[in-house]
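Quick note on the working numbering: the sequence shown kicks off at 29 and runs consecutively.
Even glycine gets a Cβ: it sits at the ideal position worked out from N, Cα and C.
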Amino acid sequence: MRGKYITLEGGEGCGKSTQVRLLAQYLEQNGIACVQSKEPGSTEEGKIIRNLLVTGDKDKFDAISECLLYYADRRCDLTKVVWPALEAGKWVVSDRYADSTEAYQYYGYDKRVPLETLQNLYKIVAGDFKPDLTIILDMEPEVGMRRSYAKAETMAVKELRFESRQLEFHNNLRRGFWEIAKREPERCAVLNADTDIETLHRQIIDIVKERLGC
């Protein structure tokens with residue numbers, strides 16, 4: 029039986045990485061083989077792309093350049109990590125997927141990548157494939173930014189290229205994720221991420237049980 033694909037989305041500092049790890053642990057503890065994924069950076073090629081995208085000057089790429097790099101990473105992730113795991117009957121829990129590209133490169137920037145272009149790229153890279161469930165972790169951007177900068181203090185490589193953008197950019201991201209959830213309510217669920225880790229984890233588990241019956 030094919031596995032399930034769950035993606036966690038949201039702005040900077042909303043706690044996706046922690047919740048991906050906790051959800052994967054929960055699934056494993058309940059007898060469901062699980063693989064964790066991350067965009068960008070799940071594959072060796074993706075790690076190189078990630079370093080280009082999340083470090084350095086915020087203006088070194090325009091929205092189209094970023095979009096193409098993200099889709100190169102996404103194709104590697106799908107073909108080398110996600111699809112093989114699903115075919116093997118494993119579940120995959122991913123820190124970001126294509127909704128982030130739409131939120132960042134379409135809603136976030138003043139010079140947007142046209143939505144039709146994003147949709148065409150998605151068709152080329154992923155065909156009709158979509159996540160079984162997407163959980164959007166919602167948070168006031170100011171709170172998320174404080175979390176991101178605090179986390180960066182402990183990192184050898186400062187992945188702050190997007191955090192360095194103006195607050196308006198991050199507010200646009202948030203609205204973008206809302207629009208995606210409104211457009212696809214059968215796939216997406218939105219949770220308030222401005223709470224403690226354990227409470228948010230329990231809420232995520234409840235949604236997974238309700239939507240996917242595990």
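For residue 48 against residue 120, the beta-carbon gap comes to about 10 Å, at or over 8 Å, which does not count as contact. Counting only residues of its own chain and dropping the five nearest sequence neighbours on each side, residue 235 has a CB closer than 8 Å to the CB of 161, 163, 217 and 219. Excluding five sequence positions before and after residue 141, the CB atoms of its chain that fall closer than 8 Å to its own CB belong to 91, 92, 95, 133 and 134, given in chain order.
If you look at residue 162, you'll find it in the beta strand (DSSP E) that goes 161-166. Relative to residue 167, the option among 200, 156 and 143 whose CA is nearest is 200. One alpha carbon belongs to residue 65, the other to residue 109, and they sit about 7 Å apart. The beta carbon of residue 75 is closer than 6 Å to those of 69 in its chain, skipping five residues each way along the sequence. DSSP places residue 42 outside both helix and strand once states are collapsed to three, so it counts as coil. Restricting attention to 126, 143 and 165, the CA atom closest to the CA of residue 154 is found in 126.
The DSSP-derived three-state label of residue 128 is helix. Boundaries for residue 133: no alpha helix (DSSP H) harbours it, and the DSSP string shows neither H nor E there.
Taking a 10 Å sphere around the C-beta of residue 71, we find 16 or more other C-beta atoms and assign the residue as buried. In this structure, DSSP gives residue 77 a helical state, which the three-state scheme calls helix. By the C-beta density criterion, residue 123 is buried, having at least 16 other C-beta atoms within 10 angstroms. Our two residues, residue 67 and residue 215, have alpha carbons roughly 19 Å apart in a direct line. One Cα belongs to residue 238, the other to residue 105, and the distance between them is close to 27 Å.
Boundaries around residue 236 are those of the alpha helix (DSSP H), 225-240, since no beta strand (DSSP E) includes it.
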